[in-house]
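Taking it in order: structure first as structure tokens, then the write-up.
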């Protein structure tokens, strides 16, 4: 083969590679832009939104407790609980007990354990379980579904 034939063959292969790549990109983008095959029925979406609207928040306030370390360290957090159902009056009635339970739980932790539990989400789940035990509503319709800790400070 001559030099001109090799160059011509190289250019033809380059054009074919370009056209093939363009075709593949076009097919992928058209499938990505199409509607998903399985859309959620409207009733499922509406029931989810109505359930989402039932969730309310109750602010338990700020807590400051000494840690279980040998040195003097403090844990300061702010807690809000998200609940479903009509629990606001019950939460207000048992607020002192709930605050005592949170303070006692914090005093059992070392600084290292408190940090790890906060980062991993175990502190949130432990407090949720303990608070639901006090309310006696762990299996009923009205219960605490989530503990939110907007601020977490250790000293």
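In our numbering, the protein residues as written are 1184 to 1338.
Note that CB positions come from ideal geometry on N, CA and C, so glycine has one too.
Touch test, the stretch 1267 to 1278 against the stretch 1294 to 1306, Cβ-Cβ under 8 Å, three pairs minimum: no
Residue environment, residue 1194, which counts as buried when at least 16 other CB atoms sit within 10 Å: exposed
Residues bridged to residue 1242 (per DSSP): 1263
The stretch 1245 to 1258 contacting the stretch 1206 to 1213, beta-carbon criterion three pairs below 8 Å: no
Residue 1315 classed as buried or exposed, judged by whether at least 16 other C-beta atoms fall within 10 angstroms: buried
C-alpha distance - residue 1321 paired with residue 1308, whole-angstrom precision: For residue 1321, the predicted structure reports a pLDDT of 44, less than 50, and the residue's modelled location is therefore unreliable. A value from the coordinates is still provided. Approximately 13 Å between the Cα atoms of the pair.
Anticipated Cβ contact below 8 Å, residue 1243 with residue 1262, distance rounded: 4 Å
Cα-Cα separation between residue 1247 and residue 1289, rounded to whole angstroms: 9 Å
With 16 other Cβ atoms within 10 Å as the buried cut-off, status of residue 1191: exposed
N- and C-terminal bounds of the beta strand (DSSP E) containing residue 1296: Run containing residue 1296: none in the beta strand (DSSP E); it sits in the alpha helix (DSSP H), 1294 to 1303.
Close beta carbons around residue 1311, own chain, < 7 Å, minus the five adjacent residues each side: 1327, 1329 and 1330
Given residue 1283 as reference, the closest of 1264, 1300, 1303 and 1317 once Cα atoms are compared: 1317
Reduced DSSP category for residue 1199 - H, G, I as helix; E, B as strand; rest coil: helix
Under 8 Å between C-beta atoms of residue 1260 and residue 1332: yes
Same chain only: Cβ atoms within 6 Å of residue 1337, ignoring 5 sequence neighbours per side: 1258 and 1294
Collapsed DSSP secondary structure at residue 1321 in the structure displayed: For residue 1321, the predicted model reports a pLDDT of 44, less than 50, meaning its position is unreliable; a value from the coordinates is still stated below. Coil, per DSSP.
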